[in-house]
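*Asks:* Could you have a look at this structure, given as structure tokens, before my questions?
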Amino acid sequence: MISLTSTAAGTFGRDRELAALRKAVSGAADGFGGCTIVTGSAGIGKSHLMRAATHCGEARGVAVAARAAFELDRAAPLITLASALQQLRPAEPAIGWLREDDDAQYRTLERLGAALEDYAAQRPLVIAIDDAQWMDELSALAVAELVPALASSPVRWLFAHRPAPSGTPGQQLIERLIRDGHEQITLGTLDDEAVRRLCAHVVGADVDNTVLALAGGCDGNPLQVEQLVRTLHLTGQLVVADGIGTVVGGELPSSFITIVDQMLHGLSGDTQELLQAASVFGRPFGIEAVAELLDVRPATLLTQVKEATTAGVLVDNGDELEFVHDLVRLAVYGTLSGAVSTLMHRQAAVIARAEGRPPVEVAEHLLKTGRSGRREAVTILHEAALEVAPAAPSTAADLIERALGMIGEHDRERVPLVADAVGLLASAGRLERAQDLGETALRSGLDPRTEAMLKLGLAEAFKHAGHNGTAVQYADQGLAVAGAPESVRAKLHAIRAHARFYHRDLPGADADGEAATAAGLATGEYAASVFGLTGRSLVAQAQGRLDDAYGHAEHATGIADKVRGDAAHRHPRIWLGDAQAALDRFDEAEETYARGRRESERLGTAWSTPLWHYYHAALLTARGKLDDAAAEAEAGVAVALNLAAYALAVPLLGQLTRLAVLQGDLPQAQAHLAHMHRRMAAGISCAPEDMYWPEGVLQEAVAGPEAALTVLCGLVDALPERPVLIAQDPTSAPALVHIAVRAGDLPRARTVVAAARALAGRNPGILSLAAAADHAEGVLTGDPWLLRGAVERFRRTPRRLALAGALEDAALNSADESQGRAWAAEAIAIVTDCRAERARRRLEFSLGGPKAPTERPVFRPGSPLRQLTPAEQNVALQVADGLTNRQVASALHLSRHTVDSHLRKIFTKLDLRGRVELATLVSQDRDPGDIA
């Protein structure tokens, strides 16, 4: 909505702000991306600046996609961003699919990100969204992902918003972007000189103090100043004589409402009627729609439209008309009588249906037609909530709450509405409200199926939020409902299996997984069977039965591949890959994760994305690719926070804590751990290995073995029954023995050794477990033959850091000095290549071995590019060769999120603004021999 439609850019007190916007847009033309946010109250001139900025971009040859958001956008997933991109000038056929796209959420976002990256590789792009506070939820999610993902591309995002209302998805996005440090321009009121110049511009002549005195009552708000002067001119209360504008007459307007009221009286009756009808829509509108609302032919309205646009009340944007500002529309709408308003909204609902407008727009009109339209509106809102829930859970919760507010407490149709509302509210993170609503409904008495479904919804919601104890309680209650359908019971068992696992009830979790599998297969509820089997896989791995863990996950994957549908949406390959990794089958696990990720993108199941990052990061860590593992885990945290999946962020933060310790960055490790603790303080629980192991490793590094053992004693004591830490990370066994021995707790050191031996005996074909048992016992006893055996076994596995640890202890305990030096040199070479900086420092200090040989540098001596890690250097080289992030990800076998993370670190380290500067630096500093 353009507030100063006739004002020349760069004047009236906005020179500094406009210069900043022009600089930002020009940066895109020069190859640099970024994000700029314009903040200001309604009518303060944000829209004018946005339009001036996009005109600047077009003049510089930048492609522009611009749109204002509207309040009704909030219930139409992706409409804000998609509509903006459909206005792209010049047009781009590659994103034409957005208009009809019915892809699931995550696939749409992945496809959109790839399309924009490809487009920006050919032409700089500015995406401008005005009134961003009304942005729909999926657009906000997309922007939250795309702004950092496209930071290295010449894409400049411009957002204008007013500070109120708070809490909308768009407002939350803007607040987050500001917290992340993106440029913000705050618009204040115009000073007296700017007001005088604006008045003179509107009048077309200089103005005297009578005009300025009245304009002073507008508090420097340019929209109000302009509307005041236009109204005075229109009604003959401002006249120009001898080149000076002056105010004459009485009954001068004293507020914005009276300004608009007088403006209307200065127009013809037919034009007033047109404006009142148009105000009902609450969005841009076509002449045909207003004509239908007034029951006249469109051609008869052309004179009125011209009068309204000449008066500056309406703006013709080419395809549709809109009010010069929503404040003007609301003021005009306020002049409608109740009966006329009801009649017009009833007809507007018919028009909105015929035009295929979002259901919520239809419902909003029906709500204003009285009792007759309310019940139909409830139905529409209910259906709309269910439709948008997968892409926009917060919006769905708002819609269902709105529907509940319009239906009586004892209305028979309230029960199914409440059952759906509980799940939708919980999915949006409103657990307390969901619980209150559900408990209230349960006290009113429900049929068995509805009661069980309500308990299932609550159990799923609390499980998703990481409140596993509460999830178990609701699942217990659901299973206790007499007469509950067996298909619902299958789902309850499946949810309880996973919740019990994280609530540390392994026997109960396994029993529930078995029950879910059987009941799901018997009733055709295959998703419950798949989820139950993956729960059993988790239990089997926790208990050290690794073949069983693999078997359950393979069975689940087979069912999902065969029946597809909801079963495939459970993504059992997450747990299949984890089981393969525990069996040292790393290459198979890599392929399983790659296939699972592709399937996740195809199905659009965003919820699974953080889990793929978590398990892939664990695999990369075991391979010794610490830089890539850290980037993968960071990307997982970012996605989890974007999705508000805070329970999935917790184990990823634990991974980042341990990785930072391995890489010798203890302050960063402490920051990650503090973030993890903040999330857990909200009631989120996770596996103890994800919680205590990272903290213990960090405590050992900063406070010593005694402090570490205080954190880890419970984990150690549980190892005989729950050896999953050693199964997932064989290096943990010797590390725990080191900590216990140095802390003087030999009984716990022996507990670790016994658990490692028992685990290896239970899984005789897994070399890494036998090696871990030898290594742990060798550390406890100092037996060089055990340590030598550990070295030889680890050599036959893909676990490089585990081998380095065994080499270190073997070197320390070797009686053969030359052999010890050779082992030390090999260990140093491995940890140096893996970027395990803390181990490298320890080895060089304690063993005094030779420094690891370095590969021939890729960049010239003294180049700032040498401060990059090897992984970052690889990404820099690929980007400098002209590859997009997606192409780099494919070439280096990484996720796009991981490449994004590497690139952001590169830009930060080197103080670069974009790909052009990086390519130039690489070209200048690349070693000639490397190019050859």
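Using the working numbering, the first residue of the sequence shown is number 520, and each one after it goes up by one.
Built from N, CA and C at the ideal position, the CB exists for glycine as well.
Predicted, not measured: the structure shown is a model, and the values here were computed from it.
Of the residues L1025, V1180, Y1021 and E1219, which one's Cα is nearest the Cα of G1202?
*Replies:* The residue given as residue 1202 occupies position 683 in the sequence shown. Ranking L1025, V1180, Y1021 and E1219 by Cα distance to G1202 puts Y1021 first.
*Asks:* Tell me which same chain residues have a C-beta within less than 8 Å of the C-beta of E1033, skipping the five on either side of it?
*Replies:* Your numbering for residue 1033 matches position 514 in the sequence shown. So the qualifying residues of the chain are G1051 and R1055.
*Asks:* Pop quiz: V748 and V722 are said to be a contact at Cβ under 8 Å. What is the actual Cβ separation, rounded to whole angstroms?
*Replies:* Reading the sequence shown from its first residue, position 229 is the one you call residue 748. Reading the sequence shown from its first residue, position 203 is the one you call residue 722. At roughly 6 Å, the Cβ-Cβ gap stays under 8 Å, so V748 and V722 are in contact.
*Asks:* Can you tell me where the alpha helix (DSSP H) holding H884 begins and where it ends?
*Replies:* Reading the sequence shown from its first residue, position 365 is the one you call residue 884. Taken as a continuous stretch (DSSP letters only), the alpha helix (DSSP H) holding H884 covers P878 to L886.
*Asks:* If you drop the 5 nearest sequence neighbours on each side, which residues of the same chain put their C-beta closer than 7 Å to that of Y993?
*Replies:* Here the question's residue 993 lines up with position 474 in the sequence shown. Excluding positions up to five away in sequence, the list reads K974, L977, A978 and F981.
*Asks:* Measure the C-alpha to C-alpha separation of D1031 and G1077 and round it to an integer number of angstroms.
*Replies:* The residue labelled residue 1031 in the question sits at position 512 within the sequence shown. The residue labelled residue 1077 in the question sits at position 558 within the sequence shown. Roughly 20 Å between the two C-alpha positions.
*Asks:* Just the C-alpha distance for D620 and S946, rounded to the nearest angstrom, thanks.
*Replies:* Translated into the one-based positions of the sequence shown, residue 620 becomes position 101. Translated into the one-based positions of the sequence shown, residue 946 becomes position 427. Confidence at D620 is low in this model, with a pLDDT of 49, below 50, so its placement is unreliable and the value that follows should be read with caution. Distance between the alpha carbons of D620 and S946: 24 Å.
*Asks:* According to the Cβ coordinates, are R1434 and S860 closer than 8 Å?
*Replies:* In the sequence shown, counting from the first residue as 1, residue 1434 sits at position 915. In the sequence shown, counting from the first residue as 1, residue 860 sits at position 341. Not in contact: R1434 and S860 (Cβ atoms no closer than 8 Å).
*Asks:* What are the start and end residues of the alpha helix (DSSP H) that includes G764?
*Replies:* Within the sequence shown, residue 764 is the residue found at index 245, counting from 1. From DSSP, G764 is part of no alpha helix (DSSP H) but of the beta strand (DSSP E) over I763 to V766.
*Asks:* Across which residues does DSSP place Q703 in a beta bridge pair?
*Replies:* As a first step, residue 703 must be located in the sequence shown, where it is residue number 184. Per DSSP, I556.
*Asks:* Are L597 and A584 touching if we call contact CB-CB under 8 Å?
*Replies:* As a position in the sequence shown, residue 597 is number 78, starting the count at 1. As a position in the sequence shown, residue 584 is number 65, starting the count at 1. Their beta carbons are not under 8 Å apart, which means L597 does not touch A584 by this criterion.
*Asks:* Does the region 906 to 921 come close enough to the region 628 to 640 that 3 or more CB-CB pairs lie under 8 Å?
*Replies:* They do not touch, by the three-pair rule.
*Asks:* Between the C-alpha atoms of P609 and R1083, what's the straight-line distance to the nearest angstrom?
*Replies:* In the sequence shown, counting from the first residue as 1, residue 609 sits at position 90. In the sequence shown, counting from the first residue as 1, residue 1083 sits at position 564. Those two C-alpha atoms are separated by around 41 Å.
*Asks:* Does the beta-carbon of R593 have 16 or more other beta-carbons within 10 angstroms, so that it is buried, or is it exposed?
*Replies:* For the purposes of this step, residue 593 is identified with residue 74 of the sequence shown, where counting begins at 1. So R593 ends up on the buried side.
*Asks:* Which whole-angstrom value is the C-beta distance of L753 and T558, which I expect to be below 8 Å?
*Replies:* In the sequence shown, counting from the first residue as 1, residue 753 sits at position 234. In the sequence shown, counting from the first residue as 1, residue 558 sits at position 39. The pair is not a contact, with the Cβ atoms about 32 Å apart (cut-off 8 Å).
*Asks:* W676 bridges to which residues according to DSSP?
*Replies:* Taking the sequence shown and counting its residues from 1, one reaches residue 676 at position 157. Its beta-bridge partners are C554 and I646.
*Asks:* Identify the continuous alpha helix (DSSP H) that holds F1364 and give its terminal residues.
*Replies:* As a working note, residue 1364 is residue 845 in the sequence shown. First-last of the alpha helix (DSSP H) with F1364: E1356 to S1365.
*Asks:* Kindly list the residues whose CB is nearer than 6 Å to the CB of A1275, restricted to its own chain and excluding five residues on each side of it in sequence; keep chain order.
*Replies:* Looking up residue 1275 in the sequence shown gives position 756. Within the same chain, A1275 has close Cβ partners I1245, A1252, A1291, A1292 and A1295.
*Asks:* Classify L821: buried if its beta carbon has 16 or more other beta carbons within 10 angstroms, exposed otherwise.
*Replies:* Taking the sequence shown and counting its residues from 1, the one referred to as residue 821 is at position 302. L821 is exposed by the Cβ-count criterion.
*Asks:* Mind reading off the beta-carbon distance from A896 to I919? Whole number of angstroms is fine, and I expect it under 8 Å.
*Replies:* As a first step, residue 896 must be located in the sequence shown, where it is residue number 377. As a first step, residue 919 must be located in the sequence shown, where it is residue number 400. Wrong, their Cβ atoms sit about 13 Å apart, outside the cutoff.
*Asks:* From what residue to what residue does the alpha helix (DSSP H) around L751 run?
*Replies:* For this step, residue 751 is matched to residue 232 along the sequence shown. Its alpha helix (DSSP H) spans residues P741 to L753.
*Asks:* Could you pull out every residue in the same chain whose Cβ sits closer than 7 Å to the Cβ of E932, ignoring the five residues on either side in sequence?
*Replies:* What you label residue 932 is simply residue 413 of the sequence shown in a count that begins at 1. The answer, listed in chain order, is I926.
*Asks:* Any chance the region 645 to 665 sits against the region 684 to 703, with 3 or more Cβ pairs inside 8 Å?
*Replies:* Yes, they touch.
*Asks:* Mapping the DSSP letters down to three states, classify A984 as helix, strand or coil.
*Replies:* Against the sequence shown, residue 984 aligns to sequence position 465. Correct three-state label for A984: coil.
*Asks:* Within the same chain, show all residues whose beta-carbon is closer than 7 Å to that of N740, passing over the 5 residues directly before and after it, in chain order.
*Replies:* Numbered from 1 along the sequence shown, position 221 holds the residue referred to as residue 740. The answer, listed in chain order, is G562, I563 and T708.
*Asks:* Output the distance between the C-alpha atoms of G942 and S685, rounded to the nearest integer angstrom.
*Replies:* Position 423 of the sequence shown, counted from the first residue, corresponds to residue 942. Position 166 of the sequence shown, counted from the first residue, corresponds to residue 685. Taking the straight line joining both Cα atoms gives about 24 Å.
*Asks:* Determine the DSSP secondary structure at F1313, reduced to helix, strand or coil.
*Replies:* In the sequence shown, residue 1313 corresponds to position 794, counting from 1. F1313 falls in the helix class under three-state DSSP.
*Asks:* Taking V1256 and L1217 to be in contact with their CB atoms under 8 Å, please state how far apart those CB atoms are, rounded to whole angstroms.
*Replies:* Looking up residue 1256 in the sequence shown gives position 737. Looking up residue 1217 in the sequence shown gives position 698. 18 Å between Cβ atoms; not a contact.
*Asks:* On the DSSP bridge assignment, give the partners of D835 in chain order.
*Replies:* The sequence position of residue 835 within the sequence shown is 316, counting from 1. DSSP lists L840 as partners of D835.
*Asks:* Tell me which residue opens and which closes the alpha helix (DSSP H) that A1346 is part of.
*Replies:* Numbered from 1 along the sequence shown, position 827 holds the residue referred to as residue 1346. Taken as a continuous stretch (DSSP letters only), the alpha helix (DSSP H) holding A1346 covers E1336 to C1353.
*Asks:* What does A584 pair with, by DSSP beta-bridge criteria?
*Replies:* As a working mapping, residue 584 is identified with position 65 in the sequence shown. Partner(s): I646.
*Asks:* Near T1373, which residues of its chain fall below 7 Å by C-beta distance, leaving aside the five closest residues on each side in sequence?
*Replies:* Counted from its first residue, the sequence shown places residue 1373 at position 854. Confidence is the limiting factor: at T1373 the pLDDT is only 49, short of 50, which leaves the residue's position unreliable, though a coordinate-based value still follows. Closer than 7 Å at the Cβ level, and outside the excluded window around T1373, lies no residue.
*Asks:* For the region 927 to 983, list the alpha helix (DSSP H) runs that are entirely contained and at least 4 residues long, ordered along the chain.
*Replies:* If we require 4 residues or more, the alpha helix (DSSP H) runs fully inside the region 927 to 983 come out as 933 to 946, 950 to 962 and 967 to 983.
*Asks:* Between which two residues does the alpha helix (DSSP H) carrying A1390 extend?
*Replies:* By one-based count along the sequence shown, residue 1390 stands at place 871. A1390 -> alpha helix (DSSP H) spans P1389 to A1399.
*Asks:* Just to confirm the assignment: which complete alpha helix (DSSP H) runs, minimum length 4, are found wholly within the region 765 to 810?
*Replies:* Segments of the alpha helix (DSSP H) lying fully in the region 765 to 810: 775 to 784 and 788 to 798.
*Asks:* Under 7 Å Cβ to Cβ from A1395, same chain only, skipping five residues before and after it: list those, please.
*Replies:* For this step, residue 1395 is matched to residue 876 along the sequence shown. The residues are L1384, L1387, I1425, L1437 and V1441.
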